[in-house]
Amino acid sequence: MAAQVTGVLVLTAGVGFAVGALTDGGEPALRSGAGVAAIAITFAAITLAVVWRRESHRARRFGLPFAQLVRVARDVRRGTPPTDPAVRPAVLEALGRQRRALAFQRHKSYRRLRGCLLAVFSLLAVVQLATGSYGSAAPILVWLPLLLLGPLMLRRQERRLDAAERSLGLTPDTPTHRPKLPRPRTSENPESAEN
């Protein structure tokens, strides 16, 4: 897990440096690249810490090690969830979360936002290319195809989640949103601990 986190931070630093160096805006490319890389690494490190904390809490809720919860979510995303009854609540919860994420991305307002972003960034790329700012246009031209591939990736992910549900024997009307878990007993509420 540490190698993956380090890889994400190194990749973030490289991309941040490249973006900063290409869009230097009059500053020396090295200084601009280092500044953008530092901002990108800081943002990535904070995001990773928040996600790590949230997912660790979720893993404790299911009584699983963090790495196993990550594997369960990855297997569900790939369409091949584990069938072990001990991890079934975690599998159902991961399946429900991924279904909700897909539903959000299929929503009409999200599709409109994606279309507006595509139009704005296409126009921005054309303007940058017309003025000869090829370095500024390069990151936009790399990002535009990824934005266009979004709907295709959604369909593929939907098919994988359908396969995961079939392998678990779930029907389309089976609720997979949140399985009921026992509430942890706390020392703050002694009356509930006695019952």
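FYI, the numbering for the sequence shown is 95 to 289, going by the working numbering.
Glycine is no exception: its CB is placed at the ideal position from the N, C-alpha and C atoms.
Predicted model only: the values in this text are computed from it and were never measured.
According to DSSP, is ASP178 helix, strand or coil? coil
Cβ atoms of PHE156 and PRO183: under 9 angstroms apart, would you say? yes
When the Cα atoms are used, what is the spatial distance from VAL185 to GLN251? 16 angstroms
Between ARG147, HIS151, LEU103 and TRP146, which has its C-alpha nearest ILE133's C-alpha? LEU103
So for PRO122, helix, strand or coil by DSSP? coil
Backbone secondary structure at SER203 - three-state DSSP: helix
Take the Cβ of GLY244 as the centre, count every other Cβ of all protein chains shown within 10 Å, and call the residue buried at 16 or more, exposed below. exposed
In the DSSP assignment, the alpha helix (DSSP H) including GLY244 goes from what residue to what residue? 228–262
Let's test the definition: count the other Cβ atoms within 10 Å of the Cβ of GLN222 and tell me whether it reaches 16, buried, or not, exposed. buried
Nonlocal neighbours in the same chain, by C-beta distance under 7 angstroms from ASP169, ignoring five residues either side: PRO175 and PRO176
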